[in-house]
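The opening position of the sequence shown corresponds to residue 441 in our numbering, with each subsequent residue numbered one higher.
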Amino acid sequence: MRKISAVVIDLDGTLLRKDKTISERSRQALEKCRESGVAVVVASARPERVISCYDELKAADALITLNGARIRIGEQVFHNGIQREDGKALLERYLSHDDLCISLETSDGIYGNTTIPEWDVIGRTDLLSVMDACDLYKILISAKDREKKIEDRVRGEIGMLRLEDLVYYSVSEGWLYQIMSRTATKWNAAKLVLGMLGKSPRETVYFGDDNDDFECISNMGLGVAMGNSIPRFLEVADEIAPTNEEDGVAVVLERLLNERA
441 MRKISAVVID LDGTLLRKDK TISERSRQAL EKCRESGVAV VVASARPERV
491 ISCYDELKAA DALITLNGAR IRIGEQVFHN GIQREDGKAL LERYLSHDDL
541 CISLETSDGI YGNTTIPEWD VIGRTDLLSV MDACDLYKIL ISAKDREKKI
591 EDRVRGEIGM LRLEDLVYYS VSEGWLYQIM SRTATKWNAA KLVLGMLGKS
641 PRETVYFGDD NDDFECISNM GLGVAMGNSI PRFLEVADEI APTNEEDGVA
691 VVLERLLNER A
């Protein structure tokens, strides 16, 4: 029987269905975890202001948001942002590309050179000045034509400024590039959270589906890939769950909790 003391769960493509809702079955599985003394941790690329809209997640023991750039454990908040001067240098270079949509996730909200209603992006023509008054968590870049390949440019500008040791990027859904501090990863954040909660990674289950989940699924006691995961993720998982549309998280949690009882 596997000992489980914590679960860490990604949101998009994992716990959330395609319509961005949490099913009743999943809600009940999370509630059963808490009743059984199993810590529930959310680990998402989303900002906290978006995650807090889900009533089903308000009782989570910790929130790892923006891929680990911001972490909340109770009333304690930890920040792992991009250094201001590094962020400004990168932003200046990316803004010189007219075909890129650029947004900044900051401690004061999300700002961009293009308004994106579904993200509540605040349109600004002076993005560089935004960073003078707030912390920068993440630079988000996509092509205006999402079919256009831009990875060489995203990587190239980091290289031109010789910032490879200070920042990195990940790709979400094949088109959204997220640039973050090297210290801001889900794995680094999960180690911090689990340590503060008194839980061991060896007794933790991780659920995920995409590139930014790779370290966690490779290093936790049980790494569970959703059936809809990217191929690379499926190859390293200890177990493959049904898809997010099929309540894969709940299916696995129900079994593990029954085995634990």
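Heads up, the beta-carbon is just placed ideally off N, CA and C, and yes, glycines get one too.
At the level of alpha carbons, what is the spacing between residue i and residue j?
{"i": "S658", "j": "M666", "result": "14 Å"}
{"i": "N698", "j": "K588", "result": "47 Å"}
{"i": "C493", "j": "R486", "result": "11 Å"}
{"i": "K626", "j": "D538", "result": "31 Å"}
{"i": "I511", "j": "V633", "result": "8 Å"}
{"i": "L451", "j": "C656", "result": "14 Å"}
{"i": "T683", "j": "A529", "result": "40 Å"}
{"i": "V561", "j": "S543", "result": "8 Å"}
{"i": "E515", "j": "I491", "result": "16 Å"}
{"i": "I600", "j": "V594", "result": "Strictly speaking, residue 600 in this sequence is Met, with Ile absent from that position. If you take the alpha carbons of M600 and V594, they lie about 10 Å apart."}
{"i": "T565", "j": "D592", "result": "25 Å"}
{"i": "L540", "j": "A583", "result": "5 Å"}
{"i": "E679", "j": "D572", "result": "45 Å"}
{"i": "P641", "j": "N628", "result": "12 Å"}
{"i": "G521", "j": "Y608", "result": "12 Å"}
{"i": "T554", "j": "S547", "result": "19 Å"}
{"i": "E613", "j": "L674", "result": "15 Å"}
{"i": "D575", "j": "I449", "result": "26 Å"}
{"i": "S536", "j": "E643", "result": "47 Å"}
{"i": "V692", "j": "L637", "result": "23 Å"}
{"i": "L456", "j": "E545", "result": "21 Å"}
{"i": "A509", "j": "R442", "result": "31 Å"}
{"i": "V478", "j": "R602", "result": "43 Å"}
{"i": "I590", "j": "G549", "result": "25 Å"}
{"i": "H388", "j": "R489", "result": "Residue 388 is absent from the structure shown; the chain starts at 441 and stops at 701."}
{"i": "S610", "j": "E496", "result": "28 Å"}
{"i": "V447", "j": "F647", "result": "8 Å"}
{"i": "M620", "j": "N668", "result": "25 Å"}
{"i": "R672", "j": "E686", "result": "21 Å"}
{"i": "R622", "j": "K498", "result": "28 Å"}
{"i": "R474", "j": "I513", "result": "16 Å"}
Would you please state the rounded distance, in angstroms, between the beta carbons of residue i and residue j? I believe it to be under 8 Å.
{"i": "R418", "j": "I444", "result": "One cannot answer for residue 418 here, as it falls past the ends of the chain, which runs 441 to 701."}
{"i": "T505", "j": "S484", "result": "6 Å"}
{"i": "Y617", "j": "I581", "result": "4 Å"}
{"i": "V481", "j": "A500", "result": "6 Å"}
{"i": "V689", "j": "S466", "result": "6 Å"}
{"i": "Y534", "j": "E604", "result": "Y534 to E604, Cβ: 16 Å. No contact."}
{"i": "N507", "j": "A624", "result": "6 Å"}
Which of the three DSSP states is assigned to residue i in this structure?
{"i": "V570", "result": "helix"}
{"i": "K472", "result": "helix"}
{"i": "K626", "result": "helix"}
{"i": "I598", "result": "helix"}
{"i": "S466", "result": "helix"}
{"i": "L456", "result": "coil"}
{"i": "L603", "result": "coil"}
With 16 other CB atoms within 10 Å as the buried threshold, where does residue i fall?
{"i": "V676", "result": "exposed"}
{"i": "D719", "result": "What the structure shows of the chain is the stretch from 441 to 701, and residue 719 is not part of that stretch, so it cannot be assessed."}
{"i": "V517", "result": "exposed"}
{"i": "D459", "result": "exposed"}
{"i": "G635", "result": "exposed"}
{"i": "K578", "result": "buried"}
{"i": "L531", "result": "buried"}
{"i": "E464", "result": "exposed"}
{"i": "K639", "result": "buried"}
{"i": "E471", "result": "exposed"}
{"i": "D650", "result": "buried"}
{"i": "L567", "result": "buried"}
{"i": "S569", "result": "exposed"}
{"i": "D585", "result": "exposed"}
{"i": "T461", "result": "exposed"}
{"i": "G563", "result": "exposed"}
In chain order, which alpha helix (DSSP H) runs of at least 4 residues are fully inside the segment 482–564? The DSSP assignment places 488–491, 524–535 as complete runs of the alpha helix (DSSP H) inside the segment 482–564, in order along the chain (cut-off: 4 residues).
Scan the segment 629–697 and note each continuous alpha helix (DSSP H) run of 4 residues or more that stays entirely inside, going in chain order. DSSP runs (the alpha helix (DSSP H)) wholly in the segment 629–697: 654–659, 671–676.
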